[in-house]
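Below: the structure, in structure tokens.
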Amino acid sequence: VTGGFARFARRLLNAVWPDRRGGGNADARLEREIASHLQLLEDDYRSRGLSEDEARRAARLALGGVEQTKELHRDARSFRWIDDLRRDVRHAGRLLRRTPIFSFTAVFSLAIGIGATTTIFTVVNAILFQPPAAVVAPDRLVDIGRTRQRNGFGPSSYPGYLDLRQRTTTLDGVYAYSRFTQPMSLGTGGNAGAEGVSGTIVTANYFTVLGAVPAAGRLFTAADGERPLASVTSPVVVLSHRFWTRRFDRDPSIVGREVTLNGHAFTVIGVASEGFHGTGIRALDVWVPMNMVAAVTSPGTTALTDRTANWLSIGGRLKSGISVSQAAAEIDVIGRALASEAPEENRDAGLRLTESSPVPGNGGPLVAFLALLMVIVSFVLIVACTNVAGILLARAAARRHEMALRLAIGAGRGRLVRQLLTETVLLFAIGGSAGLLLARAMTSVLISRLPSLPFPVDVSLALDGRVIAFATGVSLVAALVSGLAPALYASRTDVLPGLRNDTGLVGRLRLRHAFVVGQVALSLVLVVGGGLCLRALQRAASIDPGFDAHGVELASIELEHSGFTSATGSLFARTLVERIRQLPEVESAAIASAVPGGFEVRREAVSVPGVAPPDGNSFIVDWNVVTPGYFATLRTPLAAGRDFTNADRDGAPRVAIVSEAAARQFWPGQEAIGKYLLQQTPGPRGPANRTKPMVPLLVVGVAREVQSTSLLDGLSRAAVYAPLDQQYVSRLTIAARTTRGRRIADQLRAIVAAMNPNISIASAQTLDDAVALGLTPQRIVAAVSGVLGIVGLTLAAIGIYGVTAYAVTRRTREIGVRIALGARTTDVMAMVLREGLALTLIGAALGLLLAAAVGQVLASHLFGIPPIDPVTFTAATLLFVAIGLAACYTPVRRAAHIDPTQALRYE
Amino acid sequence: MPSSGESPRPERIDLPPGTLDLIVLRTLTTMGRQHAYAIAARIEQIAERPAGLNQGTLYPALVRLEQRGWIKGTWRTTESNREACYYAITKAGTRALATQIDRWQRSVGLVNRLLTSEGE
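Protein chains in written order, with our numbering: chain V, 503 to 1409; chain R, 4 to 123.
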């Protein structure tokens, strides 16, 4: 096989570059050889007594014709297609230059189509396909998640992880890491103060299983995990390359140095290699081994022993020879076994194993969103392709004469098809390259316009090999699909009718009409999709959100790792709020566990005495823990009752404030104040535990509805608020309303640092930004779909114009006859208009049907705008009819001004 | 651009495909370095059909063989002081000839056996 390949390669080389061993190029050399051959023959014949002329004639006869020999020779060189290709490309380039408007339109639309598709694919590639950096054999890695009633992909507890690790026989290594990055504060001893970093707590085998290597020092080894908790006197930490670069300027002497994490001394033992950030997309700063969890979390933590504390994502590496499905089957069995052994802890629980992914298990919504974007951009690509195909078809018709002529003088059909395809491919190669450049530009715009996410991510939006291969593939497929029909059509020319220039129009026209209809339909879908999202954004902006986001500053802190108990923690929070209120710029301030617009929503189950919940189990509500003054700070009016006060503290009767929706749901038509709720979850962590007693909460207030405008759906749900003093949580967000829009992020930071240097602000933003962030998907769809819809619309208009204008040209004679026979101008205009408009209307009707389906997909993100929104649909239809009319304007005018005397002579 | 059109081709010599290659190689082994005309003359001489071969049909075989690296052409002057491209068989060509001859013998043998057994 290799010998065969080498031979082929050598022949190819000889064919492409024949003169590399001297002797001129192949044709010239052959010329020389034939001359020499003829000379020798002539000499021979002359020596046999023939005259000069006779000898020459005989020589040519013996050789068998100079041209034929050359042709045979070229064939035998056998890479004749290279010669042909070179010729075709040159020819195609000449043609494209000769019709600059056509070429520009085609290249432009293709560049947009291919560029848009490539841009979105770059994102998809970065998030879903790019293998994790600096990880060995990522395709052998798996994720393991906990299921509930066979659904979901949740985190596990540490004991649960150990069970799994002990039992599995299909996995080589099983590691675990904290599902959410932990905001930690890192100090270097000096006066620099603590810095907020995002850290992950990992099992000691984390780096080993992933195959990571250190850039400096060493990474964790089994020894770091084996030492029992009590003996961990000197905790160790590994830094990410990114953090090492940012904070320590790649100083290799950092290894062995001591830093403080959440106030505890840690020794830096090493730095992970460049780019390594595990298998996820979050950017990480530090890694801490599992058995040192106590050092970074509050004392007395039960994180490693509590079977109900599910906080670990689990991953593993397949043993060699084991497939994902084999391992999945085993993990499923282990999950069932664990559930039957401990039915109380693992009720309805199971385990599921999947291939490793950057968004383990629950990438569903993300994948769906990306898929939606992919569909949108491929619509544009299809529109661009049909547009080009339409134009090519028209050109093919114009070239029938040329084709017929070439067939008549003996060109092969295959050859003609190849040549026409070459033209198309060249067109798409230019369009594709332009698209790739466009994608580059659009990607950088995308990066710069992306809102700041609440957690740092590490994805590289590079145009890597896969993206370039994708763009090339898309261009080639598009070229073949849209070039083949016109090429086949053109080459199917029959010689005689083609030369006589009467053409079999019907089939081609039908095809071209179909193209235009398709363009109109798909563009309409895009415009409607963009329109729906715009309306949703409008609605989101216009509806009363139930709070006033303007001028509210947010800052998140995490108290858990700084040694706070629920008593000291709530005291800290109260003092913090008081200090913030003393700032001159601050009108009012409060603390909450969640603010509107956030990504993380806590849901809790409550029951209501005497009211049966819809699913027979319990009511699920959005749960928020707030300090007094929260409603005033957000300007959320209380419809009834009172706000929490400082008197609602631990030991006092437990109270709650419910939203209007909750009040309506629980006690329809009744006064909510004075009623009781039963809280099922006693603590801030862990699943509902049915064995613990329920806690009654007295409803003291009813708050106005808050539209959370969150990423999830933007719909308001029943919400219950509880006072922080009674239901302490450690992850808190400060909300401060400032006067005259002043930014106070620095002051907030200073106050927190002054109160406790170990606490750092994990994220700071304005509530406006936080709310806007929640609407990002709609914004992206609106922008992408809307812009591309307009592009598609423009292309469709060009298509309609082309078809109508061509119809007028084709029917000039007929129209002339009609006018000569007394048809009125208006009749003629109506006739032409009908044709153009019919295509628009058929396309629009198809598009509306498709758009209705798309609307259903978007329905849950539309803030109550109906998926078949009459405003959007009517407006889009009118827009398309208007554009259709405009596209027909020039052809109709031309038809109306046809002079019958000239038209009859026209041919 | 009809230059690449399918004009009627001269009749190829009536030989099974690949045979011409074999003959050329064999000729070059027995006669040593030769130019195309000499090869053609030699084939005509052996074929005993002086007018049967279009000598031009030799060129595809020559270019094929040279692309494979089995023969190599160099320009020299003939005895009559004309210039011509002389082809010589290469080492690879000699090796290839051995296998080609072997293959040829086997296939001819097979066909012969078939033909004779059919005839009985």
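Even glycine gets a Cβ: it sits at the ideal position worked out from N, Cα and C.
- Query: Mind pulling the alpha helix (DSSP H) runs of 4 or more residues that sit fully within the segment 1309 to 1364 of chain V?
  - Reply: 1314 to 1322 and 1327 to 1360
- Message: Tell me the rounded alpha-carbon separation between Leu-1234/V and Gly-1203/V.
- Response: 22 Å
- Is His-1015/V buried or exposed, if buried means 16 or more other CB atoms sit within 10 Å of its CB? buried
- Message: Less than 8 Å between CB atoms is the rule here; does Leu-118/R satisfy it with respect to chain V?
- Response: no
- Message: So with CB distances below 7 Å, who are the chain V contacts of Tyr-40/R?
- Response: His-539, Leu-542 and Leu-543
- Message: Between Ala-87/R and chain V, is the shortest Cβ-Cβ distance under 8 Å, so that the two count as touching?
- Response: yes
- Item | Span of the beta strand (DSSP E) around Leu-1200/V | 1197 to 1205
- CB contact below 8 Å: Gly-566/V versus chain R: yes
- Task: Leaving out five residues on either side along the sequence, give the residues of the same chain with a beta carbon under 6 Å from the beta carbon of Ile-1236/V.
- Result: Ala-1057 and Ile-1093
- Item | Beta-carbon proximity list for Ala-891/V, same chain, < 7 Å, skipping 5 on both sides | Ser-984, Ala-987, Pro-988 and Phe-1017
- Of all Cβ atoms in chain R, is any one closer than 8 Å to the Cβ of Thr-571/V? yes
- Task: Please classify Ser-742/V: does DSSP put it in a helix, a strand, or coil?
- Result: coil
- Query: Among the residues of its own chain, which have a CB less than 6 Å from the CB of Thr-1327/V, if the five just before and after it don't count?
  - Reply: Ala-1398
- Item | Three-state secondary structure (DSSP) of Lys-75/R | strand
- Query: Taking Cβ-Cβ distances shorter than 8 Å, what residues in chain V pair up with Val-111/R?
  - Reply: The contacting residues do not exist; Val-111/R stays about 25 Å from chain V at best.
- Query: Roughly how far, in whole angstroms, is the beta-carbon of Thr-1129/V from the beta-carbon of Leu-1226/V, given that I think they are within contact range, below 8 Å?
  - Reply: 5 Å
- Query: With burial defined as no fewer than 16 other Cβ atoms inside 10 Å of the residue's Cβ, what is the status of Ala-54/R: buried or exposed?
  - Reply: Because the pLDDT at Ala-54/R is just 47, under 50, the model does not fix this residue reliably, and the point stays unresolved.
- Message: With distance defined between alpha-carbon atoms, name the residue in Gly-701/V, Tyr-708/V and Val-738/V nearest to Gly-719/V.
- Response: Val-738/V
- Query: Looking only at its own chain, which residues have a Cβ that is under 6 Å from the Cβ of Leu-117/R, when we skip the five neighbours before and after it?
  - Reply: none
- Task: Quick one: using the 10 Å Cβ neighbour count with 16 as the cut-off for buried, is Thr-1077/V buried or exposed?
- Result: exposed
- Message: On the CB-based measure, 16 or more other CB atoms within 10 Å of its CB, does Leu-1351/V come out buried or exposed?
- Response: exposed
- Look up Phe-1121/V in the DSSP assignment and say whether it is helix, strand or coil. strand
- Query: So, is Phe-1066/V buried or exposed, given that buried needs 16 or more other C-beta atoms within 10 angstroms?
  - Reply: buried
- Can you grab the Cα-Cα spacing for the pair Leu-552/V / Tyr-62/R, in whole Å? 26 Å
- Task: Show which residues of chain R have a CB atom less than 9 Å away from the CB atom of His-575/V.
- Result: Gly-59, Tyr-62, Pro-63, Leu-65 and Val-66
- What did DSSP end up calling Val-1097/V once you bin it into helix, strand or coil? coil
- Using the C-alpha atoms, what's the distance from Asp-966/V back to Gly-72/R? 40 Å
- Query: Tell me which same chain residues have a C-beta within less than 6 Å of the C-beta of Tyr-1303/V, skipping the five on either side of it?
  - Reply: Ala-1389
- Task: Check the Cβ of Glu-535/V against every Cβ in chain R and list those closer than 7 Å, keeping chain order.
- Result: Ala-39 and Cys-88
- Bridge partners of Cys-88/R, per DSSP? Trp-78/R
- Message: Distance cutoff 8 Å, beta carbons only. Does Thr-102/R sit that close to anything in chain V?
- Response: no
- Going by DSSP, which residues form a beta bridge with Trp-789/V? Thr-702/V and Val-740/V
- Query: What does Thr-97/R reach in chain V if we use C-beta pairs closer than 7 Å?
  - Reply: Residues of chain V passing the Cβ test: none, with the nearest at roughly 16 Å.
- Task: Report the three-state DSSP secondary structure of Gly-112/R (helix, strand or coil).
- Result: helix
- Task: With distances taken Cα to Cα, identify the nearest neighbour of Gly-758/V among Thr-769/V, Gln-921/V, Thr-624/V and Gln-1209/V.
- Result: Thr-769/V
- Task: Compute the Euclidean distance between the alpha carbons of Leu-1011/V and Ala-1353/V, then round it to the nearest angstrom.
- Result: 27 Å
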